[in-house]
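Since the structure comes first, as structure tokens, the remarks are kept for the end.
Numbering (the numbering used here), first residue to last: 99 to 418.
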């Protein structure tokens, strides 16, 4: 596990420096294309739920098999080649810089008072309607995206990289990509996407909760003590309809003493979600910047925990 932790350390540094250049080929695009190809062929006729199970199994299994084969082959050439390739594969699965850059593309015009540009940039990262949102609602959408994806895009991939290396992180990314494409509760995907959604919930259950707890250690709470925030964390997180997404949002809302959730519209249809948080203060650009800081610090704190866990694991099994 120490080898995995070392690769993750370099990968997180590289992700902070270069992120995910758009011109570079990315495995997520290939995985997404395979998911769509399978869905078009399997999501019809009878037994769509069973076909969805088959579909997600094929996507995850093939992704892990290809990644493991490539990594194994590179280690057979030389351990340095294997380590370098594994580091590159882990780097490409992390999204801390991409998330921060996307948030800044919203906050920069918002700070300048350019509401139209801020709404447009927000529409690139959320599914809700953004045409008529005010500053507070724009900030809320950005913060919710950052808070939720701190786990999905940064710490959960690191969790599986620690346990299983590059095959683990890309197995997780295959699960996560499947959920983002077919895991919707609508007429087309409700049966076929059931397995993808449930598997994603299971994969994120532990990382989401660890991430939320670590978030509470990253910055000084705006109001109250950390012990009080910890007592409220679970109750606030459970308000979210997702079993995992609410944990990051609850941690950020409690730390910054803000409210997230509430009313959104999707293609003109109103959706009312429970409110997470304990304050009625309006959200501002400053809250976006603070959430970016929380995300980055959480990533490094999570990495520190990975080092500790990796050393304990290796020490325990080395001495047996």
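Backbone N, C-alpha and C define an ideal beta-carbon position, used for all residues, glycine too. These numbers were taken from a predicted model, which means no experiment stands behind them.
- Secondary structure remark: continuous beta strand (DSSP E) runs of at least 3 residues inside the region 289-317: none found.
- By the neighbour-count criterion, in which 16 or more other beta carbons inside 10 Å mark a residue as buried, residue 122 falls on the exposed side.
- Listed as beta-bridge partners of residue 370 by DSSP are 361.
- Contact check for residue 346 against residue 249 passes: the beta carbons are separated by less than 8 Å.
- Counting the other CB atoms within 10 Å of its CB gives residue 197 a total of 16 or more, which places it among the buried residues.
- Going by DSSP, residue 250 is part of no alpha helix (DSSP H) at all; its letter is neither H nor E.
- Residues 185 and 189 of the same chain have their beta carbon placed closer than 8 Å to that of residue 108, with the five preceding and five following residues left out of the count.
- For residue 102, the enclosing alpha helix (DSSP H) covers residues 100-116.
- The alpha-carbon separation between residue 403 and residue 355 amounts to approximately 26 Å.
- By DSSP's assignment, residue 375 forms a beta bridge with 357.
- Assigned with DSSP and collapsed to three states, residue 124 falls in coil, not helix or strand.
- Assigned with DSSP and collapsed to three states, residue 232 falls in coil, not helix or strand.
- With respect to residue 150, residue 263 sits apart: the two C-beta atoms are not nearer than 8 Å.
- With contacts defined by Cβ atoms closer than 8 Å, residue 348 and residue 328 do not form a contacting pair.
- In the three-state reduction of the DSSP assignment, residue 215 falls in the helix class, which pools H, G and I.
- Counting C-beta atoms within 10 angstroms of its own C-beta, residue 128 has fewer than 16 neighbours from the protein chains shown and is therefore classed as exposed.
- Counting along the chain, residue 333 sits inside the alpha helix (DSSP H) bounded by residues 324-335.
- Counting only residues of its own chain and dropping the five nearest sequence neighbours on each side, residue 269 has a CB closer than 8 Å to the CB of 158, 161, 162, 165, 258 and 262.
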